[in-house]
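For my numbering, count along the sequence shown from 1 and bump the result up by 2. From the three backbone atoms N, C-alpha and C, an ideal C-beta is built for every residue, glycine too.
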Amino acid sequence: MRRAAPRRPQSDRRATGGSLYLGIDVGTQSLTALLVEVAPTRSDAEDRASRIAARASVHYDTELPRYGTVNGQLPNEDPAIGRVRPCMWLDALDVALQRLGREACGAVRGISVSGQQHGSVYLAAGADRTLAALSPDRSLAQQVEPNLSRLEAPIWTDSSTTRECAEIRQALGGAAATAELTGSDTFERFTGPQIRRFARTDPEAWALTAHVCLVSSFVTSVLAGRLAPIDHGDGAGMNLLDIRRRKWSEAAMAATAEGLGRRLPPTCAPWTAVGRVAPYFVSRYGLPASAQVVAGSGDNPCSLVGGGVREPGEAVLSLGTSDTYFGLLKEVAVDPEANGHVFIAPGGHPMSLICFRNGSLAREAVRDRYGLDWPGFDAALRATPPGNDGMTMLPWFEPEIVPRVATPHVHRLGGLRDEPEQAARNCRAVVEGQFLSMRLNSAWLATRPRRLVATGGGSRNRELLQIAADVLGCRVESLEVTDGAALGAALRATGQRLPPLPPAGESGPAAEPRPEASATYDAMLPRYAEAQRLAAG
Ligand code: XUL
């Protein structure tokens, strides 16, 4: 996600006398803590109003430079490697809580974490004792780091596990069988293939590993001072959960790594209370000892709640570092092309998700290439017509997840060239290419959404939303609060299966599909599909 400028708290219907809940989003580029006030209700049937009371955000690259990240990960000459030192997230948590201040923290009733999905953290034996005895005199990072059996954690941008994906897929009977069992075919960033690679390439460190956590369950474990379970929502991004039975699959664990079963925590429903907040946070930041920690989940499931999506037929378009497109499903339905995923939403429904790695970073790459700023990029979109007179782009600046592209390569089509005179054309081409790809690769979701809620840094851009509405052929609303995942986490911290609705105040820009522009994109789609097929192979 783009770094958001500090914002003043926003509010809708004033929720006076309500309770405060804290959502912590451990994102790719920053950690955001959002304090949300939820009003009491007179009846169970009534929806509870909420408002944002405070926000603090920590940008890793610029505010924690000692961790050496660039765009939230450690630079590596191999573009397939995406890692960070997990204690960076703990330092960011300390800074964010410090910024929120004792007064705001003092009234918190519940806390929950949203984590970038798939990333994994490896803890040695004894980590549970460290977590149970965190001292307020030293930072979280100082105390937890000696308990890591692997200093650098793979995050979702890592695509180094193609071999492991093939091995697990084969052991489980092929792509379709793997997707039927776990909700997704094997994907490089998914935790199971990552664990397998770790166990193969560093067997000694694997032998020292006693506990495998996800980003969400790791930070939740620290907040609760005990090893936390993995919720069904984030657990579904591992190629290890039996998506229908909602239990770790013996077959998937056996296909992944020797001794994995004893290293995984139990799974849990997303609304499970894990315990009270650890004394460290009470003493250091003034959180009440009674504050309950609710199981963490993935950023995408949390964004559903933050986007107020409760019904099948509504979907979220998250325009962040990656662009993700996800919505609720009535029942588990697997992508026959095996590009999409089925996860579990915070309310327990299955949810679909498609992740495009080349999201805002691709838009930024084009913007920077032609020396533009965001207003200049928007002006370029306004200056060019829908369909770009046939000029388009397969925008694979980084290895792509959907469709699978291992080696980055940007394809310019229809006469588009990488030249300053065509700067505006390139801006339109990257955005149109992204949404055409989204439309093409989401065709397996039988229902076209009635309503799309856009979140993430890109959702503030009106031109971008208009192109999304025209290409996808449905109304796109943006949520004024761009921290959809943190907001979802805060609302989930109430511990309710159906969390309160997000603030309904001023919504951001919205776009209706324009029939003429939509017809242009309908006509472009087959050509785009063919280009993608040829280029992605
Ligand atoms: C989803 C995915 C990303 C991360 C980071 O499958 O890999 O969206 O959750 O946001």
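Only residues of its own chain outside the window of five on either side were considered, and among them Y287 have a CB closer than 6 Å to the CB of L99, listed in chain order.
With a cutoff of 7 Å, C476 does not count as near ligand 1, since its C-beta is closer than that to no heavy atom of the ligand. Between the C-alpha atoms of H351 and F358 there is a straight-line separation of about 23 Å.
In this structure R452 is exposed. Its beta-carbon is surrounded by fewer than 16 other beta-carbon atoms within 10 angstroms.
In this structure the region 261-269 touches the region 234-247; the number of beta carbon pairs closer than 8 Å is three or more. Nearest C-alpha to W273 among M255, G175 and V296: V296. Looking at the backbone, the Cα of E182 and that of E333 are separated by about 13 Å.
DSSP places S439 in the uninterrupted alpha helix (DSSP H) bounded by A425 to N443. With a cut-off of 8 Å on Cβ pairs, the region 110-126 is in contact with the region 487-495, counting three or more such pairs.
With fewer than three CB-CB distances shorter than 8 Å, the region 452-468 does not count as touching the region 275-284. Residue state for P397 is assigned as strand, using DSSP reduced to three classes. The nearest non-hydrogen atom of ligand 1 is 7 Å or more from the C-beta of S32. Taking a cut-off of 5 Å from the heavy atoms of ligand 1, the residues with a C-beta inside it are Q118, Q119, W158, D301, S324, T326 and C357.
The continuous beta strand (DSSP E) containing T34 extends over residues S32 to V40.
Partner residues in a beta bridge of M255, as assigned by DSSP, do not exist. Of the candidates D325, G378, G70 and S305, S305 places its Cα closest to the Cα of E316.
Taking every protein chain shown into account, the CB of R499 has fewer than 16 other CB atoms within 10 angstroms, so this residue is exposed. In the structure shown, the three-state DSSP call for T326 is strand. Around the Cβ of Q534, a 10 Å sphere holds 16 or more other Cβ atoms; the residue is buried.
Put simply, the region 420-433 touches the region 379-387. At least three CB pairs are less than 8 Å apart. Per the DSSP secondary-structure output, Y23 pairs in a beta bridge with V38 and G112. Inter-residue distance for G70 and D63 is about 7 Å (C-alpha atoms, whole angstroms).
When rounded, the separation of the alpha-carbon atoms in Q294 and E313 is 28 Å.
A residue is called buried when at least 16 other Cβ atoms come within 10 angstroms of its Cβ; T409 does not meet this threshold and is exposed. The Cβ-Cβ distance between V217 and V28 falls below 8 Å. A direct Cα-to-Cα measurement between A207 and F345 gives close to 30 Å. CA-CA distance, V60 to L36, rounds to 12 Å. A direct Cα-Cα distance of roughly 13 Å separates L493 from D301. In the structure shown, the three-state DSSP call for M240 is coil.
Residue A495 holds the alpha-carbon nearest to the alpha-carbon of P504 among D420, C270 and A495. Here F399 is near A367, since their CB atoms are less than 8 Å apart. One thing to note: N360 has its Cβ within 8 Å of the Cβ of P397. P88 counts as buried, since no fewer than 16 other beta carbons sit within 10 angstroms of its beta carbon.
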